[in-house]
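Per our numbering, the sequence shown starts with residue 7, numbered consecutively.
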Amino acid sequence: MNKTATHPTKKQSSGALHLTKKVDYGITLLAVLAQAKKEEDKKSIKTIAEEKKMSFSFLQKVARGLQQANYIEAERGKYGGYVLKKNPEKLTLKQIIETLEGPIAIVPCLKNNTCARKEKCNIHTGLKLLNDDILKYLEKRTLKQLIS
């Protein structure tokens, strides 16, 4: 029995369709860096984590992934920090999400298209259409649009 349905005052966790913490942190990091005006506006992970009330160690891990994908770069030292390497107008939400979490699929069988029940599933086609719509939307939305 779903207790949140019978107790509406209970705090419910995020819904079925949600961004992971990794994606949330990644998009937040990229947004902060995109809003930095000049190369001199390098931001440290520690500063961003404190300002945004995020886990420093987890944000560091996310930053490494974004750095490996060449979305950001870091400079060490007293005046070091991170800067955005990609143009925020060309960086789509789909690219960001897939870089951090892999292929986007609203149900596991759409991720690798190997559903054992596909022939007998009466919702597969509808879910695929919905998933395709979500992918198209995420392909059209850029980091720049998100922060504007």
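Ideal Cβ placement from N, Cα and C applies to all residues, glycine included.
{"Asked": "For G4 and Y85, what's the separation of their Cα atoms in angstroms?", "Found": "This structure gives no information on residue 4, because the portion of the chain shown stretches from 7 to 154."}
{"Asked": "Does DSSP classify G32 as helix, strand or coil?", "Found": "helix"}
{"Asked": "Are L23 and I112 close, meaning C-beta to C-beta below 9 Å?", "Found": "yes"}
{"Asked": "So, T26 versus L106, is the Cβ gap smaller than 9 Å?", "Found": "yes"}
{"Asked": "Tell me which residues share the same chain as G51 and place their Cβ nearer than 6 Å to its Cβ, disregarding the 5 neighbours each side in the sequence.", "Found": "It is Ile, not Gly, that sits at residue 51 in the sequence shown. Counting only Cβ-Cβ distances below 6 Å, and skipping sequence neighbours, we find L65, Q66 and A69."}
{"Asked": "Measure the C-alpha to C-alpha separation of K150 and E95 and round it to an integer number of angstroms.", "Found": "5 Å"}
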